[in-house]
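Since the structure comes first, as structure tokens, the remarks are kept for the end.
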Amino acid sequence: MAGLHERAVAINDTIACSHAIGRANDYRDIEQGYQASPTSVTVIDEFLSQEALNNLRRYCHDSTIFFGHNATGYVTS
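Residues in the sequence shown are numbered consecutively from 42, following the numbering used here.
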């Protein structure tokens with residue numbers, strides 16, 4: 042077991058998506074909103090396509106890439 046501690050033992054093979062970036066957004070409008078923001082912060086809903094999001098979830102769920110957690114409950118790798 043010692044040789045496996047804090048090592049990525051299993052990495053899920055993820056298939057590339059045909060379209061990883063969501064198509065429903067007006068990225069020109071998002072960029073203009075970002076540039077006009079006094080805090081240089083913006084939120085992009087549905088940035089990833091549903092297929093890409095599903096693949097990312099599957100990758101994170103099936104791969105042993107997270108080795109710890111912090112005080113706020115987030116996992117770390």
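Glycine residues also receive a C-beta, built at the ideal position from the N, C-alpha and C atoms.
Minimum C-alpha distance to residue i - residue among the options
i      : options                            : result
Ala-61 : Leu-97, Thr-113, Cys-101, Asn-111  : Leu-97
Ser-59 : Val-84, Gln-76, Leu-94             : Leu-94
Ala-57 : Ser-90, Gly-109, Arg-69, Phe-108   : Ser-90
Glu-87 : His-102, Tyr-68, Gly-74            : Tyr-68
Thr-55 : Gly-114, Phe-108, His-102, Ala-112 : His-102
Cβ separation of residue i and residue j, assumed to be a contact under 8 Å, to the nearest whole Å
i       : j      : result
Thr-117 : Ala-49 : The pair is not a contact, with the Cβ atoms about 13 Å apart (cut-off 8 Å).
Arg-99  : Asn-66 : Contact flag wrong, Cβ pair sits at about 23 Å.
- 3 or more residues per run - each beta strand (DSSP E) lying fully within the segment 61-94: none
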